[in-house]
Structure formats: C-alpha cells, structure tokens
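Undergrad: Residue numbers (our numbering): 1 to 377.
1) What separation, rounded to the nearest whole angstrom, lies between the Cα atoms of residue 139 and residue 112?
2) For residue 324, which three-state DSSP category applies?
3) Please state whether DSSP places residue 168 in a helix, a strand or coil.
4) Starting from the Cα of residue 107, find the closest Cα among 7, 174, 129 and give me that residue.
5) Which residue or residues does DSSP assign as beta-bridge partners of residue 108?
6) Out of curiosity, what's the CA-to-CA distance linking residue 252 and residue 307?
7) If we ignore side chains and look at the alpha-carbon of each, how far apart do residue 348 and residue 328 end up?
8) Going by DSSP in three states, residue 88 sits in which element: helix, strand or coil?
9) Measuring alpha carbon to alpha carbon, tell me which residue in 5, 152, 126, 130 is nearest residue 62.
10) Suppose you measure from the CA of residue 147 to the CA of residue 10; what does that come to, to the nearest Å?
11) Where DSSP assigns a beta bridge to residue 313, which residues make up the other side?
12) Report all residues from its chain with a CB closer than 6 Å to the CB of residue 274; omit the five preceding and five following residues, and keep chain order.
13) Since residue 194 sits in a beta bridge, which residues does DSSP pair it with?
14) Leaving out five residues before and five after residue 325 in sequence, what residues of the same chain have Cβ atoms less than 7 Å from its Cβ?
15) State the DSSP-derived secondary structure class of residue 115, mapped to helix, strand or coil.
16) In three-state terms, what does DSSP make of residue 232?
17) Check whether the Cβ atoms of residue 124 and residue 97 lie closer than 9 Å to each other.
18) Who does residue 128 pair with in a DSSP beta bridge?
19) Using the three-state DSSP reduction, which class does residue 180 fall into: helix, strand or coil?
20) In angstroms, rounded to a whole number, what distance separates the CA positions of residue 31 and residue 227?
21) Return the CA-CA distance between residue 295 and residue 317, expressed in angstroms with no decimal places.
22) Between the alpha carbons of residue 340 and residue 211, how many angstroms are there, rounded?
23) According to the neighbour-count rule (16 or more other Cβ atoms, all chains shown, within 10 Å of its Cβ), is residue 170 buried or exposed?
24) Would you say residue 116 and residue 157 are within 9 Å of each other, going by their C-beta atoms?
25) How would you call residue 180, buried or exposed, if buried means at least 16 neighbouring beta carbons within 10 angstroms?
26) Taking DSSP as the reference, what is the three-state secondary structure of residue 278?
27) To the nearest angstrom, how far is the alpha carbon of residue 114 from that of residue 168?
28) From the DSSP output, in three-state form, read off residue 337 for me.
29) So, helix, strand or coil for residue 380, using DSSP?
30) Look up residue 199 in the DSSP assignment and say whether it is helix, strand or coil.
31) Kindly indicate the opening and closing residues of the beta strand (DSSP E) around residue 153.
32) Can you give the beta carbon distance from residue 224 to residue 203, rounded, assuming they're within the 8 Å contact cut?
33) What does residue 62 pair with, by DSSP beta-bridge criteria?
34) Quick check on this structure: which residue in 293, 279, 278 has the alpha carbon closest to the alpha carbon of residue 285?
35) Roughly how many whole angstroms lie between the Cα atoms of residue 304 and residue 33?
36) Roughly how many whole angstroms lie between the Cα atoms of residue 89 and residue 311?
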C-alpha cells in the first residue's frame with residue numbers, strides 16, 4: 001500500500017513506532033512536524049520520501065531500518081525444517097530525505113536520526129537540502145552491533161548521495177559523529193557528497209567518537225565539503241576514508257579541527273586517492289605535540305593544488321612499512337615540512353601568506369539562521 005501524509009503535526013509518541021512495514025510499503029511525508037517521541041516514528045519502511053518536515057527531540061532514531069530485527073541476529077535452529085524458514089531477511093530499503101530537519105534526535109544505539117542495518121548490503125539513501133542539529137548516538141549494551149556510531153546517520157547499504165546537507169553539533173560514542181557509512185560486499189558502495197557543511201561535531205565521552213565522517217569500503221566522490229571546528233580528544237577529528245576503492249575529493253575545506261590527527265587514508269592499494277584544490281587550515285591536536293601528524297596514510301594518495309596553512313604539528317605520517325607514496329603536486333605550504341617516508345613533493349611552494357578561504361554555501365542560508373536563533377547555537 002502507498003501512503004501520502006501531508007501537514008501532520010504530532011507530539012509525545014510513546015511505546016511503539018507510528019508507522020512500520022506492516023502499515024505501508026511506500027510512504028511520502030510532506031510539510032509535517034513530529035516532536036518528542038520515545039520510539040522510532042518510521043520502522044522498516046521499504047521506500048520513504050520526506051519533504052519539508054521536522055523531527056525534534058527523539059530518544060530513539062526517528063527513522064530505523066533493519067534487515068534483521070535485533071532479536072533475530074542470533075537464531076537457534078533447533079527443529080527439523082522441511083522447507084525454507086519464513087524469517088528471511090528483507091532486502092529493499094530505499095530512503096529519500098529532502099528539505100527535512102532532524103533536531104535533537106538521540107538514540108541508544110547507532111544512528112541518532114537514522115539507522116539502516118542491511119547486512120546483505122542492499123538499500124540506498126539519497127538526502128539533500130536537509131539539516132541535522134544536535135543529533136547523537138550512544139551505545140546500547142542489550143543490542144548486538146549497537147555501539148553508538150553515527151551521531152545522525154548510520155547506514156549499511158550499497159548507494160548513498162548527500163547534497164546540500166548541514167550538520168551541526170552532532171555526537172557519537174564511537175565512529176562517525178555525524179555519519180557512519182559502511183559496505184562489506186566485494187562490490188563497493190557508491191558514496192557521493194557535495195555542498196555539505198559539518199561543524200562542531202564531537203565525541204560524547206572520552207575516549208570515543210572518532211571522526212566527523214567515517215566512510216568504509218566505498219567508491220567516493222566528495223566535492224565542496226566544509227568540515228570545521230570538530231573536536232575529538234582521543235583520535236581523528238575529521239574523516240576516516242578506508243577501503244581498496246577509488247576515492248576523489250575536490251574543492252573542500254578542513255578548518256580549525258582538533259584531534260589526535262585530522263584524516264586517515266587507510267587501505268587503498270588497488271586504487272589511488274586523489275585530493276584536488278582542497279584547503280587545510282588551522283587544524284591541530286590537543287596534546288600540543290608537534291610530532292603528531294595532521295594526515296596519516298597507509299594507501300597511495302595524490303594531492304593536487306592544495307593549501308596547508310597555519311596547521312599545528314607534523315603534516316604527514318606514513319602508517320606501516322609498505323612502499324606507499326603520498327605525492328604532492330603544486331601544493332602550497334606556509335613553511336617547509338619535515339621529510340617523511342613516502343612523501344614526494346613536486347613543484348610545491350613554501351611561502352604561503354594569509355589567504356581568504358572560499359565559502360561553501362548551503363542552499364538554504366535563511367533556514368540555518370533561523371535554526372541558530374531558535375536553539376541559541
């Protein structure tokens with residue numbers, strides 16, 4: 001059954017999800033406000049479209065998907081089966097989010113606003129023109145695989161696209177203070193992110209909460225992304241990019257982030273990573289240790305026309321003993337960095353002055369201003 005819901009305003013939902021797979025297969029939600037819920041609002045809806053709607057003050061993920069229900073992750077086969085068991089996993093979960101706002105959404109488990117657990121790694125998420133403010137994920141010891149990752153979004157699937165997303169003050173106990181995406185099959189997940197700002201994300205407790213964005217085993221295209229003022233005391237503050245698949249990032253900014261390091265390019269022996277026209281400015285570490293590197297790599301990485309300005313500590317560090325290289329082409333630094341194994345500069349400059357950073361604009365600046373006023377951010 002298809003279901004369209006428009007101009008709905010509802011508050012104080014309690015024990016069970018309002019809409020689940022048993023109610024409808026395809027749901028469109030438009031111009032609605034859902035407030036103060038103690039449970040998921042959507043549960044295992046195969047196709048879900050959200051437009052111009054607000055979710056606020058949830059104590060569980062507002063939207064939850066699972067190809068296995070938690071109680072079925074461990075199944076005892078203690079009978080004689082003469083046919084295929086009926087409790088087969090669900091495969092098709094396609095999510096679309098547009099012009100939506102997720103405010104103060106919290107979860108005891110993964111994904112403060114949205115959790116998609118497809119262990120067969122089917123499913124997609126397409127999100128654009130949407131805001132995530134003060135979303136958080138903390139661990140749930142009673143549920144398997146619910147470690148508190150993905151402060152706003154936790155997604156296991158095979159396709160994701162994010163455009164014009166604004167994430168502010170999202171937090172996680174484990175990986176991905178704003179977003180955690182993963183794919184484990186041999187074919188890589190396709191991950192696209194553009195015109196997105198991730199700001200002031202942090203861990204919930206120490207030690208924990210690695211990376212504002214954790215992207216694992218995906219073929220990535222990232223452009224016009226601004227990650228700024230993210231704060232992690234124990235590990236990496238901005239991004240973890242891992243997997244043996246092609247990665248491309250361009251026209252992006254990493255500004256004023258603090259953590260043990262900024263980015264780790266991990267495991268990419270088969271395909272190289274290309275970073276183009278990207279700025280790294282005023283990033284550092286809490287230990288005030290100049291030996292800690294800003295960027296760590298255990299894969300082949302190429303930087304083209306990138307800017308490194310007013311960062312604290314070492315710039316690069318190779319992890320492991322493999323003969324991997326980080327190549328720098330026509331990059332600009334404010335000072336000469338120390339020689340590092342595997343780092344190969346080509347036509348680089350070491351006399352950078354103060355440079356005005358390009359501004360990556362979110363399409364709905366008026367909405368951001370309103371959110372800041374309402375929540376005193």
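Glycine included, every Cβ here is placed at the ideal spot set by N, Cα and C.
TA: Per the coordinate set shown:
1) For residue 139 and residue 112, the distance between alpha carbons rounds to 11 Å.
2) Here DSSP, grouped into helix, strand and coil, assigns residue 324 to coil.
3) In the structure shown, residue 168 sits in a strand (DSSP, three-state: E or B).
4) The candidate whose alpha carbon is nearest that of residue 107 is 174.
5) In the DSSP output, where bridge partners are listed per residue, residue 108 has 138.
6) Going by C-alpha positions, residue 252 is about 11 Å away from residue 307.
7) So the two alpha carbons sit approximately 7 Å from each other.
8) Confidence in residue 88 is poor, its pLDDT being 29 and thus under 50, which makes the residue's placement too unreliable to answer from.
9) Nearest C-alpha to residue 62: 152.
10) The C-alpha of residue 10 is placed about 30 Å away from the C-alpha of residue 147.
11) By DSSP's assignment, residue 313 forms no beta bridge with any residue.
12) Within the same chain, residue 274 has close Cβ partners 248, 302.
13) Residue 194 pairs with 163, 223.
14) Correct list, in chain order: 300, 342, 344.
15) Residue 115: strand per DSSP, three-state reduction.
16) Residue state, collapsed to three classes: coil.
17) Not a contact, by the Cβ cut-off of 9 Å.
18) Residue pairing by DSSP places residue 128 opposite 98, 163 in a beta bridge.
19) Of the three classes helix, strand and coil, the one that applies to residue 180 here is strand, per DSSP.
20) Looking at the two C-alpha atoms, the distance is approximately 29 Å.
21) One alpha carbon belongs to residue 295, the other to residue 317, and they sit about 6 Å apart.
22) One alpha carbon belongs to residue 340, the other to residue 211, and they sit about 24 Å apart.
23) Residue 170 comes out buried.
24) By the CB criterion at 9 Å, residue 116 and residue 157 fall inside the cutoff.
25) Of the residues assessed, residue 180 falls on the buried side of the cut-off, its CB having 16 or more other CB atoms within 10 angstroms.
26) Looking at residue 278 - three-state DSSP - the assignment turns out to be coil, as it is neither helix nor strand.
27) Looking at the two C-alpha atoms, the distance is approximately 16 Å.
28) It is coil, neither helix nor strand.
29) Nothing can be reported for residue 380: it is not among the residues displayed for the chain, which extend from 1 to 377.
30) Here residue 199 sits in strand by DSSP.
31) 153 to 156 is the extent of the beta strand (DSSP E) around residue 153.
32) Approximately 26 Å separates the beta-carbon atoms of residue 224 and residue 203; this is outside 8 Å, ruling out the contact.
33) Residue 62 is not bridged to any residue.
34) The candidate whose alpha carbon is nearest that of residue 285 is 293.
35) The alpha-carbon atoms of residue 304 and residue 33 are separated by roughly 45 Å.
36) The predicted position of residue 89 is uncertain, since its pLDDT is 31 and thus under 50; a value taken from the coordinates is nonetheless stated next. Rounded to whole angstroms, the gap between the alpha carbons of residue 89 and residue 311 is 48 Å.
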